[in-house]
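Quick note: to get our numbering, add 36 to the position in the sequence shown (first position is 1).
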Amino acid sequence: MAIVLDHTIVPAKDKVASAKFFAEIFGLNVKPGQSYFAQVQINDSLTFDFADEPEPRSHHYAFHISDAEFDAIFARVKAKGLPYGSGPYNHADGQIYARRGGRGFYFEDPNGHLLEVMT
């Protein structure tokens, strides 16, 4: 039996703004008709459910993506002027990393969640 993650709750100061930010950076869409959650469909099986929380604790979310997706996301991060970096403790050094034949970088969302994309 394959185990597949269906959804996860992402705490946010403003669920709608946070979902829009995430969807814009990753080239996705916020699902229409939301109520308690602002949802972003990540892939066929996974939904991020953004939920309001006054003081969200920071989480780390890492995504394995294609080279084309990497280039597009990296371009959007740079266009927004977001700090990015090569490691979880260097996520504002303006560098990307090379690891295991791929590349990646880290950046923060408006809630302080550390997002990582890697090829």
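Ideal Cβ positions, reconstructed from N, Cα and C, are used throughout, including at glycine.
Do the segment 45-53 and the segment 77-96 meet, that is, are 3 or more Cβ pairs less than 8 Å apart? yes
Val-66 - partner residues in DSSP beta bridges: Val-76
Compare the beta carbon distance of Phe-106 and Val-153 with 8 Å and say whether it is the shorter of the two. yes
So Arg-112 is in the alpha helix (DSSP H); what residue range does that whole segment cover? 103-115
Could you pull out every residue in the same chain whose Cβ sits closer than 7 Å to the Cβ of Val-40, ignoring the five residues on either side in sequence? Ser-81
Would you mind sorting Val-52 into buried or exposed? The rule is 16 or more other CB atoms within 10 Å of its CB. exposed
Compare the Cα-Cα distances from Phe-110 to each of Tyr-72, Asp-42, Arg-135 and Ile-61 and report the closest residue. Ile-61
Which runs of the beta strand (DSSP E), 3 residues or longer, sit entirely within the segment 115-151? 133-135 and 138-144
Identify the continuous beta strand (DSSP E) that holds Ile-45 and give its terminal residues. 43-48
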